[in-house]
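If you use our numbering, the sequence shown closes out at 175, no skipped numbers anywhere.
The beta-carbon is built from N, C-alpha and C at its ideal position, and this holds for glycine as well.
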Amino acid sequence: MLSQMMISMMYFSLPKNVFLRYVLIGFVNLMVFYALYESCYFLTKSWVYGPNVSWAVAWILGSVFAHVTHRRWTFNTDESVKWTLSAALTIYTIGLIGSSGTFTLFVNIWGFNHRISWAVNAAIWGIIDYIGLHKIAFKHRTDSKSI
């Protein structure tokens with residue numbers, strides 16, 4: 029685990045541009061999400077809908093982790109934790125429903141590989157989540173370097 033000093037150093041070395049911070053922090057979140065997915069898939073791979081269950085469980089757990097990291101390092105917000113958590117979880121719930129639908133489409137209907145589907149789906153919904161988190165949940169104070 030990172031020491032408090034390393035975390036403080038990381039905070040000061042993050043880019044000023046909010047989208048670049050989202051990409052960097054999002055990459056860490058993505059790795060956690062993928063590890064959760066693979067762990068769940070290992071336990072459910074014999075199930076007919078094992079990839080789907082794994083996607084949903086990893087999305088839910090990963091969303092809580094992502095809220096913490098994005099609140100701490102990505103977005104510059106004055107909003108309360110109560111507001112950002114409830115708004116972010118609403119956005120993540122919409123994302124869970126939509127991304128589960130597209131994941132099912134890719135894997136169960138079109139027959140694509142579940143790992144390729146995971147990557148494509150995570151990219152699509154990562155962009156959609158960014159818009160919702162940036163504009164609604166964290167109400168990021170826009171500066172000239174923000175997207």
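(message) Quick test of your reading: Gly123 and Gly54, contact by CB under 8 Å. State the CB separation rounded to the nearest angstrom.
(response) With 8 Å as the limit, Gly123 and Gly54 do not qualify as a contact, their Cβ atoms being about 13 Å apart.
(request) Please confirm if the segment 141 to 154 is in contact with the segment 106 to 120, defined as three or more CB-CB distances below 8 Å between the two stretches. (result) no
(request) Return the Cβ separation of Thr121 and Asn80 in integer angstroms, given the expectation that the two are a contact with Cβ distance under 8 Å. (result) Not a contact, Cβ separation roughly 16 Å.
(request) Pick helix, strand or coil for Val81, following the three-state DSSP scheme. (result) helix
(message) So for Lys44, helix, strand or coil by DSSP?
(response) coil
(message) Tell me the rounded alpha-carbon separation between Ile137 and Thr97.
(response) 34 Å
(message) Would Asn57 and Ala94 be called neighbours here (beta carbons separated by less than 8 Å)?
(response) In this structure, Ala94 lies closer than 8 Å to Asn57 by Cβ.
(message) Could you check whether Val51 and Cys68 sit closer than 8 Å to each other, using their CB atoms as the reference points?
(response) no
(message) Taking the beta carbon of Phe102 as the centre, do at least 16 other beta carbons fall within 10 Å, making it buried, or is it exposed?
(response) It should be noted that the sequence gives Thr, not Phe, for residue 102. By the 10 Å Cβ count, Thr102 comes out buried.
(request) Work out the CA separation of Pro43 and Lys167 for me, nearest whole Å. (result) 19 Å
(message) Going by beta-carbon coordinates alone, are Trp83 and Ser128 separated by less than 8 Å?
(response) yes
(request) Starting from Trp146, trace the alpha helix (DSSP H) both ways and give me its first and last residue. (result) 142 to 160
(request) Helix, strand or coil for Glu66, going by three-state DSSP, please let me know. (result) DSSP places Glu66 in helix when its eight states are reduced to three.
(request) Determine, using beta carbons only, whether Leu64 and Ile119 come nearer to each other than 8 Å. (result) no
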